[in-house]
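The next block holds one structure in the form of structure tokens; read it before the comments.
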Amino acid sequence: MQLLDVRPTRDGRRSPHAAGRSGPARNLHAAWAACSVVSALLLSACGGGGGDTPPATPPSATASAPVGAASSPAGGAAPTTLSADTTCALPDFVATVLKAVNDARAQGRTCGSQTFIAAAPLNWNDRLFAAAAGHSTDMAQKNYFSHSGADGSAFDTRLSAAGYAYSVAGENIAAGYADVAAVMQGWLSSPGHCANLMNAQYKDIGVSCAKGVPGVSSYGTYWTMDLAAPR
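Residue numbers for the sequence shown follow this note's numbering, so the first one is 18 and each next one is one higher.
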């Protein structure tokens with residue numbers, strides 16, 4: 018498995034692990050990071066608003082909706098377009114993702130050198146899903162693996178373009194994993210991805226899986242998980 022672990026940095030200084038972004042101001046802390054090659058799977062994480070300690074961000078006054086409910090912090094509800102193209106044709110995609118993520122957050126765990134207590138469940142958000150789906154599809158169709166889009170867009174730019182006004186945000190990506198259980202195991206086994214998943218500041222989530230294009234893509238699947246809290 019090839020791991021590209023990109024983690025937040027609190028003050029904008031580059032670290033061996035990575036970079037972060039914190040809204041609402043667009044003081045983006047750029048960076049890339051540690052990479053090791055092991056096999057034919059890829060992982061990458063990019064977090065926003067902090068570093069190895071919890072991110073320093075404005076407090077969120079937004080209450081969590083019930084588990085599984087969609088929230089749209091910027092304007093009216095944006096319908097989720099679930100299709101074989103945006104879910105890798107996996108059955109019960111949203112319910113399966115929410116259960117896997119929230120079961121993981123329901124118990125404390127150690128992510129590398131960081132220890133996390135149990136965190137509140139995340140809610141599915143259609144705008145985050147739209148951003149994730151666009152990025153997974155783009156990676157598959159244009160055969161690349163990066164938090165930066167083919168057009169140079171950063172993940173936080175994609176969230177804003179999808180209509181999500183965030184206070185803190187993060188992203189995990191992966192390639193080559195067959196289903197939700199497999200990609201979650203990969204993310205939870207990697208410190209940076211695990212830390213993103215366990216970050217108690219996040220309230221909402223959107224996840225997409227796009228199948229690779231035969232003869233074009235290097236991997237069979239491309240995953241994007243966007244996590245955030247609204248302003």
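Built from N, CA and C at the ideal position, the CB exists for glycine as well.
The Cβ atoms of G151 and R175 lie closer than 9 angstroms to each other. Taking a contact as a CB-CB distance under 8 angstroms, the pair M242 and A149 counts as one, their CB atoms being some 7 angstroms apart. Here DSSP, grouped into helix, strand and coil, assigns N189 to strand. Nearest in C-alpha terms to D109, of all of C211, A198, T238 and A246, is A198. As DSSP reads the structure, I134 sits in no beta bridge. In the displayed model, D168 falls within coil according to three-state DSSP, outside both helix and strand. Here Y219 is not near A179, since their CB atoms are 9 angstroms or more apart. A distance below 6 angstroms between beta-carbons, with the five flanking residues on each side excluded, links T113 to the following residues of its chain, in chain order: V197. Residue pairing by DSSP places Y183 opposite P247 in a beta bridge. If you ignore the 5 residues before and after I134, its C-beta comes within less than 7 angstroms of the C-beta of G125, all in its own chain and listed in chain order.
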